[in-house]
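Here is the structure we will look at, set down as structure tokens.
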Amino acid sequence: MRLSQTQVDSLRAAIVGMDFGRQVVAAVENLHRSTLADFPEADLSRAAASAEQIVIAEIVLHYRGQIEGLYLALRREERGQGGRPAAVQTLATRLHVYFTAPLGVVLRKVLFADDAVFVLPQAHEWTAPAEDVQLALAAAAS
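Remember, this note's numbering sits 1384 above the position in the sequence shown when you count from 1.
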């Protein structure tokens, strides 16, 4: 299920081309920086790239590769949260928590393979041999 470079580039362009996409990526990056700042082993120079991959993974896994799904999720949050800034923060927090937990790390490794970007080196320890990754992906899809 590895994403092709063409798919990644297309989704990256879609995210960068939309205000809401840039806002969600920036909020996830900010969460990386604020929550991982106290970890000496954290490589915060990778925070922006990791945040972008997290948003791409969300679009692929939860919205069938359609950025419109992310927009609709944000709009739902806006109705519940009472405005764009709070909605962006709520959505970014959900993505950050999900995709920095072990299962989310494994899913990102499946999608991006050797190009997966992690802020903490421990994330590489959480990725398993290919067979185990495929089982985790199948379990997450069900």
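The beta-carbon is built from N, C-alpha and C at its ideal position, and this holds for glycine as well.
{"Asked": "Chain-order list of residues whose beta-carbon lies under 6 Å from that of A1520 (same chain, five-residue window excluded)", "Found": "V1490"}
{"Asked": "Per-residue DSSP class, three states only, for V1503", "Found": "coil"}
{"Asked": "Same chain, Cβ closer than 7 Å to A1457, five either side skipped, listed in chain order", "Found": "L1475"}
{"Asked": "With 16 other Cβ atoms within 10 Å as the buried cut-off, status of T1390", "Found": "exposed"}
{"Asked": "Test item: CB-CB of V1503 and S1394 under 8 Å", "Found": "no"}
{"Asked": "Length of the line joining the Cα atoms of D1427 and R1417", "Found": "9 Å"}
{"Asked": "Buried versus exposed call for Q1437 [16 or more other C-beta atoms within 10 Å across all chains shown]", "Found": "buried"}
{"Asked": "Rounded C-alpha distance that separates A1432 from A1485", "Found": "18 Å"}
{"Asked": "8 Å Cβ cutoff, R1468 in contact with chain C", "Found": "This model lacks chain C altogether; it includes just one protein chain."}
{"Asked": "Continuous alpha helix (DSSP H) assignments of at least 4 residues falling wholly in the region 1428-1506", "Found": "1431-1446, 1451-1465, 1468-1484, 1486-1496"}
{"Asked": "Cβ-Cβ distance between I1440 and V1392 below 8 Å", "Found": "yes"}
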